[in-house]
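Here the protein sequences come in this chain order: A and B.
Each residue of the first sequence is one higher than the last, beginning at 1 in this note's numbering.
Each residue of the second sequence is one higher than the last, beginning at 1001 in this note's numbering.
Even for Gly, the Cβ is constructed at its ideal location relative to N, Cα and C.
Protein chains: 2
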Amino acid sequence: MRTYLDCISCFVRQALDASRMVTTDAAVHERVVRETLRLAVEMRFDRSPPWMAQQIHRLLREATGNPDPYREAKRRSNELALRLYPRLEEQVRAADDSFTTALGLAIAGNVIDFGCRSRIDDDDVQDAIADALNTSLEPNAVADLRRAVGEASDILYLADNAGEIVFDRLLIGELPRERVTLVVRGSPVINDATREDAQIAGLDALVPVIDNGSDAPGTILGTCSPAFRDRFAQSDLVIAKGQGNYETLSGQDAPIVFLFKAKCPVIAQDVGCAVGALVVSLNVAKPPGSS
Amino acid sequence: MRTYLDCISCFVRQALDASRMVTTDAAVHERVVRETLRLAVEMRFDRSPPWMAQQIHRLLREATGNPDPYREAKRRSNELALRLYPRLEEQVRAADDSFTTALGLAIAGNVIDFGCRSRIDDDDVQDAIADALNTSLEPNAVADLRRAVGEASDILYLADNAGEIVFDRLLIGELPRERVTLVVRGSPVINDATREDAQIAGLDALVPVIDNGSDAPGTILGTCSPAFRDRFAQSDLVIAKGQGNYETLSGQDAPIVFLFKAKCPVIAQDVGCAVGALVVSLNVAKPPGSS
Chain A
1 MRTYLDCISC
11 FVRQALDASR
21 MVTTDAAVHE
31 RVVRETLRLA
41 VEMRFDRSPP
51 WMAQQIHRLL
61 REATGNPDPY
71 REAKRRSNEL
81 ALRLYPRLEE
91 QVRAADDSFT
101 TALGLAIAGN
111 VIDFGCRSRI
121 DDDDVQDAIA
131 DALNTSLEPN
141 AVADLRRAVG
151 EASDILYLAD
161 NAGEIVFDRL
171 LIGELPRERV
181 TLVVRGSPVI
191 NDATREDAQI
201 AGLDALVPVI
211 DNGSDAPGTI
221 LGTCSPAFRD
231 RFAQSDLVIA
241 KGQGNYETLS
251 GQDAPIVFLF
261 KAKCPVIAQD
271 VGCAVGALVV
281 SLNVAKPPGS
291 S
Chain B
1001 MRTYLDCISC
1011 FVRQALDASR
1021 MVTTDAAVHE
1031 RVVRETLRLA
1041 VEMRFDRSPP
1051 WMAQQIHRLL
1061 REATGNPDPY
1071 REAKRRSNEL
1081 ALRLYPRLEE
1091 QVRAADDSFT
1101 TALGLAIAGN
1111 VIDFGCRSRI
1121 DDDDVQDAIA
1131 DALNTSLEPN
1141 AVADLRRAVG
1151 EASDILYLAD
1161 NAGEIVFDRL
1171 LIGELPRERV
1181 TLVVRGSPVI
1191 NDATREDAQI
1201 AGLDALVPVI
1211 DNGSDAPGTI
1221 LGTCSPAFRD
1231 RFAQSDLVIA
1241 KGQGNYETLS
1251 GQDAPIVFLF
1261 KAKCPVIAQD
1271 VGCAVGALVV
1281 SLNVAKPPGS
1291 S
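Spelled out as structure tokens, the structure:
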């Protein structure tokens, strides 16, 4: 997805919110806002919005001297999700259609996104879970995903955020695990999941975990490692969690299913859904004869 | 009031909203947003926010070749206010305290501010009127204003927006008219009132009308005419309508009463009130012995 003019004011707001979240030093707040403006003046709008977020968070880490400013926020999100996990796992097991229930809950977990909001409390997560359990996902999209999963021999599951990754475990439990590889970010950015979060979620015991070698809050292939790019090219199904992965990969000519909660009006408009919607969006080629 | 870091993303959003309001030309939208970013990179934060709005709207007028892009919006606001006027005048006449009722309604009219929102409909104005009639203004502030008016020999009434200026007529009707001069902007900026709006509101028949010689959406004395600056210095009471006049004059060592509806969270915090509050704020020296 390209950057829209509407994204620019949001970059500036996010730069300030993030600065305030990670330090009380007003000089850092001003420096990060000014540098964000400087980048935005010349920004090519064919870049996706996470490119700017990548620059902002590099700046923040450099200005604060803190390589992982969201570490404590990630720890709390993982803890909250692990506390909720047993009950959610029970609900998936008891459901008539455990795949669809796990899918909805994995998308609900995408509410834990500090790229969109600088504060997410327990109630936001509980509300997202209740919403997911009461909302029907688009049945054709779910059927297409189920078929694509059944046919794929090499599934890459691109994780998004800490906390959310615990919810992903519900869905990964419904996939053919021997054909799934989990992908995390190469190094910390915002509250995005890294290898440590996959371990905390217990996912490294279930599936192979690799990282993409990048510090972008999304999957900007040009900043990923050659090893990941090869793996991405070989895979015959990518399950991409979160807005950042949608923004960075939606233009790719590859078999990708995007799963996220549409939290931003620009993305919702790009997808063609309402803000708050649980999105299952496939650019997977359909079998001949299907509608 | 200085510019806060929170104002910066709002400048960019306002630049885009205003561009979209005055033209469908996407190249103009992008140019105005980029130029706003360029100005913001180097902006001195001891300037008040209307300085940036002045630059943005100069750019917009230049880029569109339209010297008064809000002309039609101003016409509609004046028409709406004139349609409501007879009933409001009746309510002031029937009130126990006509001064306070007129004051509340004049502040309610400040909802007609295209600097804060790019769309204001009839319901917004009706709601603001109902709110003003149901809300008690701070009694001490009203008493201080009443006393200051009684003691002043030369009152400058700084108008704010088209449409709103019709509401100002209610309050000006309660003032000692022979001591009041109405001030409008020197040339069009956003929907701010100019001499034409004062005439449409019928105010030129009641009080002398002068303009400040400036195209700022506020009163930036450095960009006002020398004649206006002299007049401002001589006056012993300034009644300043609207957020823009508050933002540009709140630091002045002069007898000023600010009247506005707090529509922006940064201004509300600067004043110490809730968003939506009807503000009567005096920096008029109080008589000795008063609390």
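CA-CA distance, A:Leu5 and B:Val1033?
-> 8 Å
Fully enclosed by the region 150-201 of chain A, which alpha helix (DSSP H) runs are 4 residues long or longer?
-> 164-172 and 195-200
Kindly say whether A:Met1, judged by its beta-carbon, lies nearer than 7 Å to any beta-carbon of chain B.
-> no
Straight-line gap, A:Val279 to A:Leu170 (C-alpha atoms, nearest Å) = 17 Å
Counting along the chain, where does the alpha helix (DSSP H) carrying A:Leu133 start and finish?
-> Asp122 to Asn134
Could you run through the region 1255-1273 of chain B and flag, in chain order, every residue whose CB is less than 7 Å away from some CB of chain A?
-> none
For the region 18-33 of chain A, enumerate the residues whose C-beta is nearer than 7 Å to any C-beta of chain B, in chain order.
-> His29, Glu30 and Val33
List the whole-angstrom C-beta distance separating A:Ala108 from A:Lys261, where the pair is believed to meet the contact cut-off of C-beta under 8 Å.
-> 7 Å
Where the alpha helix (DSSP H) through B:Lys1074 begins and ends = Arg1071 to Ala1094
For the candidate residues B:Val1271, B:Thr1248 and B:Glu1196, whose alpha-carbon lies nearest to that of B:Glu1072?
-> B:Glu1196
Measuring CB to CB, does B:Val1166 end up less than 7 Å from B:Tyr1085?
-> yes
At which residues does the beta strand (DSSP E) containing A:Ala240 begin and terminate?
-> Leu237 to Lys241
Under the three-state reduction of DSSP, which class applies to B:Asp1017: helix, strand or coil?
-> helix
Run down chain B in chain order and give the residues with a C-beta less than 7 Å from the C-beta of A:Val12.
-> Ile1008, Ser1009 and Val1012
From the beta carbon of B:Ala1053, is the nearest beta carbon of chain A less than 7 Å away?
-> no
Between the Cα of B:Gln1252 and the Cα atoms of B:Gln1243, B:Gly1242, B:Leu1039 and B:Leu1221, which residue gives the shortest distance?
-> B:Leu1221
The region 1062-1078 of chain B in contact with the region 1267-1279 of chain B per 3-pair CB rule at 8 Å = no
Given that A:Arg38 touches chain B, what residues does it touch there, using C-beta distances under 7 Å?
-> Val1041
Report yes if the C-beta distance between B:Ala1159 and B:Lys1241 is below 7 Å; otherwise report no.
-> yes
Compare the Cα-Cα distances from A:Ala141 to each of A:Gln14, A:Asp236 and A:Val257 and report the closest residue.
-> A:Val257
Residue range of the beta strand (DSSP E) that includes B:Pro1209 = Position check: residue 1209 of chain B holds Val in this sequence, whereas Pro was assumed. Where B:Val1209 is concerned, the enclosing beta strand (DSSP E) stretches over Val1209 to Asp1211.
Can you find a C-beta in chain A that's less than 7 Å from the C-beta of B:Leu1282?
-> no
Helix, strand or coil at B:Val1271 [DSSP, three-state] | helix
Are any of the Cβ atoms in chain B nearer than 7 Å to that of A:Leu5?
-> yes
Element boundaries [beta strand (DSSP E), containing B:Ile1107] = Element bounds for B:Ile1107: not the beta strand (DSSP E) but the alpha helix (DSSP H), Ser1098 to Ala1108.
Validate contact between the region 123-138 of chain A and the region 95-109 of chain A using beta carbons, cut 8 Å, 3 pairs | yes
Between the CA atoms of B:Ile1267 and B:Arg1002 - distance to the nearest angstrom = 10 Å
State whether the region 141-153 of chain A contacts the region 80-96 of chain A, with contact taken as three or more CB pairs (one from each stretch) at a distance under 8 Å.
-> no
How would you list, in chain order, the residues of chain B whose beta-carbon sits under 7 Å from the beta-carbon of A:Val145?
-> Note that residue 145 of chain A corresponds to Leu in the displayed sequence, not to Val. Near A:Leu145 there are no residues of chain B at all, since even the closest Cβ is about 36 Å away, more than 7 Å.
Are the C-beta of B:Leu1016 and some C-beta of chain A separated by less than 7 Å?
-> yes
How close, in whole Å, do the beta carbons of B:Val1189 and B:Leu1156 come, if the pair is a contact with beta carbons under 8 Å?
-> So it is not a contact: roughly 19 Å between Cβ atoms.
Who are the Cβ neighbours of B:Gly1202 in its own chain at under 7 Å, not counting the five residues just before and after it?
-> Arg1169
Which two residues bound the contiguous alpha helix (DSSP H) that contains B:Phe957?
-> Residue 957 of chain B is absent from the structure shown; chain B starts at 1001 and stops at 1291.
Taking the continuous alpha helix (DSSP H) assigned at A:Leu39, which residues delimit it?
-> Ala26 to Glu42
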